[in-house]
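Undergrad: Shown below is the structure under consideration.
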Amino acid sequence: MNSDRFLESKLQPHKDVPNIGLSVYLLGRLLQHKDKQLIVDCPTGCLWTGKEIHDVCLSLSDAFINKFDLNAGDTVCFWCPNSDVHAITFLATIASGAIYLAIDPNYSYNDVYRVIKLSSAKFLICLSDNTSEAIHMMNDLQSLERLFIIDGNTDADLTDTKNCHFLMQFMRYKYKPEADSLTKPVPIPVPVSANDLCVIHFIKNTKDGIPGQLMPIIRTNANLIHSSTLLQDSQVLQLTSDDCIVGQHFSNYLGVVLFCHSLVSGSRMAFTNSHFNRQKTLQYIQKYNITTASVDLNEILYLLRNDVEIKNNSKLYYDFSSLIDILHTGSPLPHADCVTEEVFRKLCPKHFRSIYGKPETGIISCVWKGVSTFDTNKCISSYYSVGYPVPGVQIKIIHPQTEKSRSVHKLGEICVKSAQMVDKSRNVSIVTRNAFTIDGFYKTGDAGYYDTDGQLYVECRVNELIYESNNAVNPLPIESILRQHSAVKEAAVIGVPNDTYGQVCCGFVELEPKVAVSEQTLIELVSNKGKELRAGIRFIESMPKTLRNQVNRMALRVIYDNFHTYSLIEML
């Protein structure tokens, strides 16, 4: 921590970050590892060496450019799961100088349509199951010129469909330029600069827990090369040729970065599917000796529940002994549920740690390998840190209302600056929502703090904070205390106006069926833990939720303004 209250990495950034296009960087590494198996498609069992990936990538890129008129700067949209073919087509897309865009597999048809329209995608790559919808979009959207089916080779119903092709027919092993003799073949990979656009991610700008408009996050070649390079540090990740890693769907920025890093390091990337199929994932961990897994909170909780079921049956169906390093991404780990201790006890990895980042910023921080082992003498709270800043990243905590820098253990908004960060001039939607501080730090929208050792903690979203006497209060610990009472089914806390304090905490509680508890009992429960509910508690019949099954805090504010008090007799 320096005098300006910036958190900086204790590790030195790499000095040899190449100033080239991502495709040149990755294709060169493929040839370095030409005889090594670098991709395994778990559902099909297909294995690909570096040389095979390289040659098929060039062949497909040649077809895209010379047969189907894909130009540098065009967008290729992927509406399909992760797979070996998807990964190689990603490489062919960027080798063509085009921009890669993967759609979140959880998006609705309307969202998929909007993404394709907003991005002006020229090609759409999808599953055969989505062909009819894709053809409808191609007929409706002027920019969308061609459709490629990623699974299968032929289909009688599509043979005569104009501009609809089967991708596998163009994935040959030998690269033979197909431009006619009068035309100078386009060099592949197409020359691009480090600052040229490479990948687009679409995210939903969320307000009060409600998903809003789709927002593009545009990343350059340099952004992705910096992210991949910093993972080479031994304390951050540094995969080796002996490792096999499974990661997220490529619509997640970390999914793309981990794939790039696996190619650079000569390790294997295992593709399971875009959806986390619990049983199959357990089988794949054992079958392919997966050593590293990047998973979110829901996936971790499933693995723990599954392990309990196995132990209760006195049979260990799956062998997790190969799984050494589990990287937790996404939502912060819940403190009250002792998740970290359970992971070490039941899954027995050598390392279990959090890695934190955003599509707009790249990787921000992670728990070092050297401090991610289990120690019964270790402070429990340190297990819920998202670690130290990664090399080349600066972090500061600001007061969300005043933007003044906050000191150690003071809750505020996490702000970031790094070479991985998106270019403001190319991401106008971010700039227009006042997402940067005056000195150029990106405001993540996450609330957190740092400790005296320089470790970062993510607590909640900034819009969930409550400001009592200008002090930021995190509602989640209070909600956790309320849920400890056996009569409480659901609990939420919001800030409501108060003449004395500005805002005060107000609790909302949904009780278990046919159970009663007084407001005073719950207020005292919270008070005994050093917290305050100055606006009391409102009992409600059911907790309002968003489409993502999160508490709808905006609805709670409306309920507070128009509240009808339910008596205990009414609730029984």
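Counting from 1 along the sequence shown, just add 19 to a position and that's the residue number in my numbering.
Even for Gly, the Cβ is constructed at its ideal location relative to N, Cα and C.
How long is the line joining the alpha carbons of valine 43 and leucine 282, rounded to whole angstroms?
TA: Those two C-alpha atoms are separated by around 12 Å.
Undergrad: Roughly how many whole angstroms lie between the Cα atoms of glutamate 152 and leucine 137?
TA: Computed Cα separation, rounded: 17 Å.
Undergrad: Just how far apart, CA to CA, sit aspartate 199 and isoleucine 118?
TA: Low confidence applies here, because aspartate 199 scores a pLDDT of 44, under 50, leaving its location unreliable; read the following figure in that light. Computed Cα separation, rounded: 26 Å.
Undergrad: Just to confirm before moving on: does the CB-CB distance between cysteine 130 and histidine 268 stay below 9 Å?
TA: Sequence inspection shows aspartate at residue 130; the cysteine mentioned does not correspond to that position. In this structure, histidine 268 does not lie closer than 9 Å to aspartate 130 by Cβ.
Undergrad: Taking the alpha-carbon positions, what's the phenylalanine 25 to glutamine 31 distance?
TA: Looking at the two C-alpha atoms, the distance is approximately 16 Å.
Undergrad: Would you decide whether glutamine 522 is buried or exposed? Buried here means 16 or more other CB atoms lie within 10 Å of its CB.
TA: With 16 or more Cβ atoms within 10 Å of its Cβ, glutamine 522 is classed as buried.
Undergrad: Within the same chain, show all residues whose beta-carbon is closer than 8 Å to that of isoleucine 559, passing over the 5 residues directly before and after it, in chain order.
TA: Closer than 8 Å at Cβ, skipping near neighbours: Phe527, Val528, Glu529, Ile578 and Tyr585.
Undergrad: Taking 8 Å as the threshold, find out whether the region 237-249 comes into contact with the region 143-162 through three or more Cβ pairs.
TA: Touching, no.
Undergrad: Please report the straight-line C-alpha distance between asparagine 101 and serine 162, rounded to a whole angstrom.
TA: Using only the alpha carbons, I get a separation of about 25 Å.
Undergrad: Run through the region 447-534 for me and flag every whole beta strand (DSSP E) of 3 or more residues, listed as ranges in chain order.
TA: As far as the region 447-534 is concerned, its whole beta strand (DSSP E) runs of at least 3 residues are 461-469, 475-480, 485-487, 490-492, 507-517 and 521-530.
Undergrad: According to DSSP, is glycine 228 helix, strand or coil?
TA: Unreliable positioning characterises glycine 228 in this predicted model, as indicated by a pLDDT of 45, which lies under 50. The coordinate reading is nonetheless provided below. Correct three-state label for glycine 228: coil.
Undergrad: Thinking just about the alpha-carbon of each residue, which of Leu89, Tyr128 and Ile135 is nearest to the one in isoleucine 113?
TA: Of the listed residues, the one whose Cα sits closest to isoleucine 113 is Leu89.
Undergrad: Assuming leucine 256 contacts histidine 280 (C-beta within less than 8 Å), just tell me the rounded distance between them.
TA: So it is a contact: roughly 7 Å between Cβ atoms.
Undergrad: Does the count of Cβ pairs from the region 302-319 and the region 78-89 closer than 8 Å reach three?
TA: Contact between the region 302-319 and the region 78-89 is absent, because fewer than three Cβ pairs lie under 8 Å.
Undergrad: Among residues of its own chain, excluding the 5 on either side of tyrosine 476, which ones have a beta-carbon nearer than 6 Å to its beta-carbon?
TA: The residues are Ser404, Gly467 and Tyr468.
Undergrad: When you compare each of Phe278, Leu41 and Gln188 to isoleucine 207 by their alpha carbons, which one comes out closest?
TA: Isoleucine 207 has its Cα closest to that of Leu41, out of Phe278, Leu41 and Gln188.
Undergrad: Going by DSSP in three states, phenylalanine 269 sits in which element: helix, strand or coil?
TA: If DSSP states are grouped into helix, strand and coil, phenylalanine 269 belongs with coil.
Undergrad: Rounded to whole angstroms, what's the CA-CA distance from arginine 553 to alanine 506? Just pull it up for me.
TA: Near 21 Å, if we compare the C-alpha coordinates of alanine 506 and arginine 553.
Undergrad: For isoleucine 556, which residues from the same chain have a beta carbon less than 6 Å from its beta carbon, with the 5 sequence-adjacent residues on both sides left out?
TA: For isoleucine 556, where only same-chain residues beyond five positions count, the Cβ hits under 6 Å are Gly526, Val528, Glu538 and Leu541.
Undergrad: Exposed or buried, lysine 423, counting other C-beta atoms within 10 Å across all chains shown (16 or more means buried)?
TA: It counts as exposed.
Undergrad: With DSSP as the reference, label arginine 425 as helix, strand or coil.
TA: DSSP places arginine 425 in coil when its eight states are reduced to three.
Undergrad: Would you kindly work out how many angstroms separate the C-alpha atoms of lysine 388 and alanine 491, rounded to a whole number?
TA: Rounded to whole angstroms, lysine 388 to alanine 491 spans 32 Å at the Cα level.
Undergrad: Let me check understanding here. Comparing Cα to Cα, which of Ile169, Val209, Thr291 and Met288 lies closest to isoleucine 84?
TA: Checking every option, the nearest Cα to that of isoleucine 84 belongs to Val209.
Undergrad: Can you have a look at lysine 29 and say buried or exposed, based on whether 16 or more other CB atoms are within 10 angstroms of its CB?
TA: Flag for lysine 29 reads exposed.
Undergrad: Throw me the rounded Cβ distance for the isoleucine 168 and leucine 110 pair, which I believe falls under 8 Å.
TA: 19 Å between Cβ atoms; not a contact.
Undergrad: Just how far apart, CA to CA, sit cysteine 385 and glycine 266?
TA: Taking the straight line joining both Cα atoms gives about 16 Å.
Undergrad: Just tell me which of Met156, Gly171, Leu216 and Asn242 has its CA closest to the CA of methionine 190.
TA: Closest by alpha carbon: Gly171.
Undergrad: Consult DSSP for cysteine 61 and reduce its assignment to one of helix, strand or coil.
TA: Note: cysteine 61 maps to coil in three-state DSSP.
Undergrad: Starting from valine 314, trace the beta strand (DSSP E) both ways and give me its first and last residue.
TA: Per DSSP, valine 314 belongs to the beta strand (DSSP E) from 311-315.
Undergrad: Quick one: what does DSSP say histidine 73 is sitting in, helix, strand or coil?
TA: The answer is helix: DSSP assigns histidine 73 an H, G or I state.
Undergrad: DSSP three-state label for serine 246, please.
TA: Note: serine 246 maps to helix in three-state DSSP.
Undergrad: Using C-beta distances below 8 Å, list every residue in its chain close to aspartate 54, excluding the 5 sequence neighbours before and after it, in chain order.
TA: Here the set comprises Thr68, Gly69 and Lys70.
Undergrad: Within 10 angstroms of the Cβ of tyrosine 596, are there 16 or more other Cβ atoms? Answer buried if so, exposed if not.
TA: Given that the chain is displayed from residue 20 to residue 591, the structure contains no residue 596 and the question cannot be resolved.
Undergrad: Can you look up threonine 68 in the DSSP assignment and give me helix, strand or coil?
TA: Threonine 68: strand per DSSP, three-state reduction.
Undergrad: Just the C-alpha distance for aspartate 60 and serine 253, rounded to the nearest angstrom, thanks.
TA: The alpha-carbon atoms of aspartate 60 and serine 253 are separated by roughly 27 Å.
Undergrad: Considering just the uninterrupted stretch of the beta strand (DSSP E) at phenylalanine 142, what are its terminal residues?
TA: Counting along the chain, the beta strand (DSSP E) containing phenylalanine 142 begins and ends at 142-145.
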